[in-house]
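Working notes, beginning with the structure itself.
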Amino acid sequence: MSEETIENLEDLIKLHVGSNKKILGSATSLLTAPGDNYGGILLKVDITLENEENDTQEEINAVAKLIPGSEFMQQVLNTQVTCKKEIAFYEEIVPMLQEFQKEQGVDEIIDTFPKFYGARINLNGSDTVDRNAVLMLENLVPSEKILPYLVDQFPHGGETPRLIQLLILEFLEDCEECQTLMPTLRQIIERPRHEKPEERKEPFLTIAHGDMWVNNIMVKFEKGEPVGSKFVDFQNIAFRSPAVDLFLFLWSSVQISVLEENLDDLIKFYHENLIENLSQLKCDCEPFSLESLLEELNISAKYGIPHALFMITFVVFGKKGGFSIDQTSSKMPDFGTKEDITSEAKEKVLFMLTQCNERGWLY
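Spelled out as structure tokens, the structure:
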């Protein structure tokens, strides 16, 4: 399959648009520039359907997410696993969540995911993810040329490349304020992924997103006011504490000025909304105290710090132009040097580590 075509498109979407509809025409084009799409190749797909029962027509604006062209990124992102996980999320988990809400009598059923139009891992019926793998979703911003919200920019599906670890450690070692923390930080950053100290325990276990930062949240505005939101990029979902997502979002996506004044209030706001939603689902809320959530953040911090460090230094405040991925290469991309880490990134990292240390979240 070439980068701008999707084979057997009608078979791919038929189950989700209706078997009585056929494709009259479609237009497919690259949605992001080469090098922008680190976690996959994104296509803009506009489809004209005809209802064979009443001869009416409709337009579908979709985004097709393909696996990375780079063998290096396929390995780092663990594509053979993460691609299947994301497809399973839309095919199985979303309908299950919505059905559970209906059973519990919830009036406003969850609507925070883009519409799902179909997916596959190949065309040969095997269990191997190949170049014909595709995930078709609603295009939430059909007028835009580039949709960053489906671009996964952190190689956390597998082990963090050693080069990234070394760059972060070199940067921290040059930070005078971090010197007393370095033995602990080195242990946290260098610990193999399978030995991460995150504890998975009830009652907080749930389906966590795994990459919850601002680019994976689409907010709809009307007359300057937010009226809705959608979450995207579920290839790293896992059965774990929601505090993992809360930790990453706070440090990757909230401005320092807001955190300085409102960090505790933001955590309390999250907790209040958690209790409100659990109450609607008729759950026993007693085990989910604010103190329990803070302990979950304490545990999750030791897992989330390496992820947050990467996001802050290389993505959110990364060097101008970012780093580029050659989709035809099996080589590691150039992430730059410690000198490329911006002053804004250094300020945010120092604030995060200081706060985590003061709250006892490093030990």
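The sequence shown begins at 1 in full-length UniProt numbering and counts up by one.
Virtual Cβ for every residue (Gly too), placed ideally from N, Cα, C.
Member of L294, P226, D265 whose CA lies at the smallest distance from the CA of V244: On the sequence shown, residue 244 is found 244 positions in, with the first residue counted as 1. For the residues L294, P226, D265, the minimum Cα distance to V244 belongs to L294.
Would G318 be called buried (16 or more neighbouring beta carbons within 10 Å of its own) or exposed? Within the sequence shown, numbered from 1, the residue matching residue 318 stands at position 318. So G318 ends up on the buried side.
Which ranges does the beta strand (DSSP E) cover as unbroken runs of at least 3 residues, wholly within the region 57-120, from first to last along the chain? 57-66, 116-120
Put I6 into one of helix, strand or coil per three-state DSSP. As a working note, residue 6 is residue 6 in the sequence shown. It is coil, neither helix nor strand.
Run through DSSP, which three-state label would E296 get? Counting from one through the sequence shown, the residue named residue 296 turns up at place 296. DSSP places E296 in helix when its eight states are reduced to three.
Is T354 helix, strand or coil when you go by DSSP? Mapped onto the sequence shown, residue 354 falls at position 354. Looking at T354 - three-state DSSP - the assignment turns out to be helix.
Could you name the residues of the same chain whose beta carbon sits closer than 7 Å to that of Q98, not counting the 5 residues immediately before and after it, in chain order? The sequence position of residue 98 within the sequence shown is 98, counting from 1. Excluding residues within five positions, the ones whose Cβ falls inside 7 Å are I109, I110.
Kindly list the residues whose CB is nearer than 7 Å to the CB of A238, restricted to its own chain and excluding five residues on each side of it in sequence; keep chain order. By 1-based counting over the sequence shown, the position of residue 238 is 238. Same-chain partners within the cutoff: A208, G210.
In chain order, what residues of the same chain lie with their CB nearer than 8 Å to the CB of E261, ignoring the 5 residues before and after it? If you number the sequence shown from 1, residue 261 lands on position 261. Excluding positions up to five away in sequence, the list is empty.
Note down, in chain order, each residue of its chain lying with its Cβ closer than 8 Å to the Cβ of I256, except the 5 sequence neighbours on either side. Taking the first residue of the sequence shown as 1, we reach residue 256 at position 256. Cβ within range, chain order: E347, K348, F351.
Start-to-end residues for the alpha helix (DSSP H) that takes in residue 364: The requested residue 364 is not part of the displayed model; the chain covers only 1 to 363.
Taking Cβ to Cβ, would you say residue 371 is nearer than 9 Å to L181? The chain is shown only over 1 to 363; residue 371 falls outside these bounds and no answer can be derived.
Throw me the rounded Cβ distance for the S252 and I312 pair, which I believe falls under 8 Å. Along the sequence shown, read from residue 1 onward, the residue named residue 252 stands at position 252. Along the sequence shown, read from residue 1 onward, the residue named residue 312 stands at position 312. Between I312 and S252 the Cβ distance is about 6 Å, and since that is below 8 Å, they are a contact.
At the level of alpha carbons, what is the spacing between L9 and C175? Walking along the sequence shown from the start, residue 9 turns up at place 9. Walking along the sequence shown from the start, residue 175 turns up at place 175. Taking the straight line from one Cα to the other gives about 53 Å.
Beta-bridge partners of T206, as assigned by DSSP: As a first step, residue 206 is located in the sequence shown; it is residue number 206 there, counting from the start. Beta-bridge pairing links T206 to R240.
On the CB-based measure, 16 or more other CB atoms within 10 Å of its CB, does M136 come out buried or exposed? The residue labelled residue 136 in the question sits at position 136 within the sequence shown. Result: buried.
DSSP state of N20 mapped onto helix, strand, coil: Position 20 of the sequence shown holds residue 20. Three-state DSSP puts N20 in coil, outside helix and strand.
I'd like the span of the beta strand (DSSP E) that includes L43, first residue to last. Translated into the one-based positions of the sequence shown, residue 43 becomes position 43. L43 -> beta strand (DSSP E) spans 41-51.
What is the DSSP secondary structure of P183, counted as helix, strand or coil? Counting from 1 along the sequence shown, the entry for residue 183 is found at position 183. Helix.
Nearest-angstrom Cα distance between Q80 and Q74? Along the sequence shown, read from residue 1 onward, the residue named residue 80 stands at position 80. Along the sequence shown, read from residue 1 onward, the residue named residue 74 stands at position 74. When rounded, the distance between both Cα atoms is 8 Å.
With respect to the alpha helix (DSSP H) encompassing K220, which residues constitute its N-terminal and C-terminal limits? Against the sequence shown, residue 220 aligns to sequence position 220. Not the alpha helix (DSSP H): K220 falls in the beta strand (DSSP E), residues 217-222.
Assuming F314 is part of the alpha helix (DSSP H), what are its boundary residues? Numbered from its first residue, the sequence shown carries residue 314 at position 314. Premise fails: F314 is in no alpha helix (DSSP H) and is neither H nor E.
What's the C-alpha gap between T56 and G18? By one-based count along the sequence shown, residue 56 stands at place 56. By one-based count along the sequence shown, residue 18 stands at place 18. Taking the straight line joining both Cα atoms gives about 13 Å.
Quickly, what does DSSP pair L30 with across the bridge? List them, please. Numbered from 1 along the sequence shown, position 30 holds the residue referred to as residue 30. Answer by DSSP bridge pairing, in chain order: L43.
Could you check whether F113 and K230 sit closer than 9 Å to each other, using their CB atoms as the reference points? Position 230 of the sequence shown, counted from the first residue, corresponds to residue 230. Position 113 of the sequence shown, counted from the first residue, corresponds to residue 113. The answer is yes: Cβ separation under 9 Å.
Span of the beta strand (DSSP E) holding F231? Numbered from its first residue, the sequence shown carries residue 231 at position 231. Run containing F231: 225-231, per the beta strand (DSSP E) assignment.
Counterpart residues of M136 in DSSP-defined beta bridges: One-based indexing of the sequence shown puts residue 136 at position 136. In the DSSP output, where bridge partners are listed per residue, M136 has A64, G118.
Return the first residue and the last residue of the alpha helix (DSSP H) that L281 is part of. Counting from one through the sequence shown, the residue named residue 281 turns up at place 281. Counting along the chain, L281 falls outside any alpha helix (DSSP H), and DSSP gives it neither H nor E.
Assigned secondary structure, G125 (DSSP; H/G/I helix, E/B strand, else coil): Within the sequence shown, residue 125 is the residue found at index 125, counting from 1. Three-state result, G125: coil.
Buried or exposed: S289, going by 16 or more other Cβ atoms within 10 Å of its Cβ? Translated into positions along the sequence shown, residue 289 becomes position 289. Its Cβ having fewer than 16 others within 10 Å, S289 is exposed.
Pair within 9 Å by beta-carbon distance, N51 and N20: Residue numbering aside, residue 51 sits at position 51 when the sequence shown is read from its first letter. Residue numbering aside, residue 20 sits at position 20 when the sequence shown is read from its first letter. Yes, Cβ-Cβ distance for N51 and N20 is below 9 Å.
Quick one: grab the DSSP three-state call for G304. The sequence position of residue 304 within the sequence shown is 304, counting from 1. The answer is helix: DSSP assigns G304 an H, G or I state.
Beta-ladder partner(s) of G25, from DSSP: In the sequence shown, the residue the question calls residue 25 occupies position 25. Bridge partners of G25: T48.
So which of Y303, E296, A301 has the shortest CA-CA distance to H271? As a working note, residue 271 is residue 271 in the sequence shown. Residue E296 is the option with its Cα nearest to H271.
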